[in-house]
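Participant: Residue numbers (this note's numbering): 155 to 260.
Backbone N, C-alpha and C fix where the C-beta goes; we use that ideal spot for every residue, glycine too.
(1) Which whole-angstrom value describes the C-beta separation of residue 174 and residue 192, a residue pair presumed to lie in contact below a C-beta threshold of 8 Å?
(2) Under 9 Å, do residue 251 and residue 162 count as touching if we go by C-beta distance?
(3) Helix, strand or coil: which one does DSSP assign to residue 199?
(4) What distance in whole Å lies between the Cβ atoms of residue 187 and residue 214, which are believed to be in contact at a cut-off of 8 Å?
(5) Please go through the same chain and pick out, in chain order, the residues whose beta-carbon is closer than 7 Å to the beta-carbon of residue 171, but skip the five residues on each side of it.
(6) Tell me whether the beta-carbon of residue 183 lies closer than 9 Å to the beta-carbon of residue 222.
(7) Quick one: Cα of residue 248 to Cα of residue 200, how far?
(8) Note down, in chain order, each residue of its chain lying with its Cβ closer than 6 Å to the Cβ of residue 202, except the 5 sequence neighbours on either side.
(9) May I ask you to report which of helix, strand or coil DSSP gives residue 242?
(10) Quick check on residue 284: buried or exposed, where buried means 16 or more other Cβ atoms within 10 Å of its Cβ?
(11) Taking Cβ positions, are residue 160 and residue 253 nearer each other than 9 Å?
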């Protein structure tokens, strides 16, 4: 379960570095990946963050990819392919950010 669910891109971009790394780590279970993405802030839109995440995933070491795969296995994908890792990480990032247009005010 994500602790940073629906935080929005603006808030994510403004988080202190360590909190941004933690929020990203919840999405992928890789500190290396999370640090790279946090270091790329600010992101102008959701798509740029999602694209950066997809670029950094194949750059991970085998050990890091194994950790990511272990985290995906808990979601019912026992032997995930690389495409599964990309897809599920993207879903988790989208969940972390929430809707691009934000939530309605009531």
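Facilitator: Inspection of the coordinates gives the following:
(1) On the chain shown, position 20 is the one that residue 174 refers to. On the chain shown, position 38 is the one that residue 192 refers to. Yes, residue 174 and residue 192 are in contact; Cβ-Cβ is about 4 Å, under 8 Å.
(2) Position 97 of the chain shown, counting from 1, holds the residue named residue 251. Position 8 of the chain shown, counting from 1, holds the residue named residue 162. Contact: yes.
(3) Here residue 199 corresponds to residue number 45 of the chain shown, with the count starting at 1. Reduced to three states, the DSSP call for residue 199 is coil.
(4) Mapped onto the chain shown, residue 214 falls at position 60. Mapped onto the chain shown, residue 187 falls at position 33. That belief holds up - the Cβ atoms of residue 214 and residue 187 are roughly 6 Å apart, short of 8 Å.
(5) Along the chain shown, read from residue 1 onward, the residue named residue 171 stands at position 17. Answer for residue 171: 192, listed in chain order.
(6) Within the chain shown, the letter at position 29 stands for residue 183. Within the chain shown, the letter at position 68 stands for residue 222. Result yes, Cβ atoms of residue 183 and residue 222 sit closer than 9 Å.
(7) Sequence index remark: in the chain shown, residue 248 carries index 94 (1-based). Sequence index remark: in the chain shown, residue 200 carries index 46 (1-based). Their backbone Cα atoms lie some 8 Å apart in a straight line.
(8) As a first step, residue 202 must be located in the chain shown, where it is residue number 48. Same-chain partners within the cutoff: there are none.
(9) Taking the first residue of the chain shown as position 1, residue 242 is located at position 88. Residue 242: helix per DSSP, three-state reduction.
(10) Since the displayed the chain opens at 155 and closes at 260, residue 284 lies outside it and no answer follows.
(11) The sequence position of residue 160 within the chain shown is 6, counting from 1. The sequence position of residue 253 within the chain shown is 99, counting from 1. Going by C-beta atoms, residue 160 is nearer than 9 Å to residue 253.
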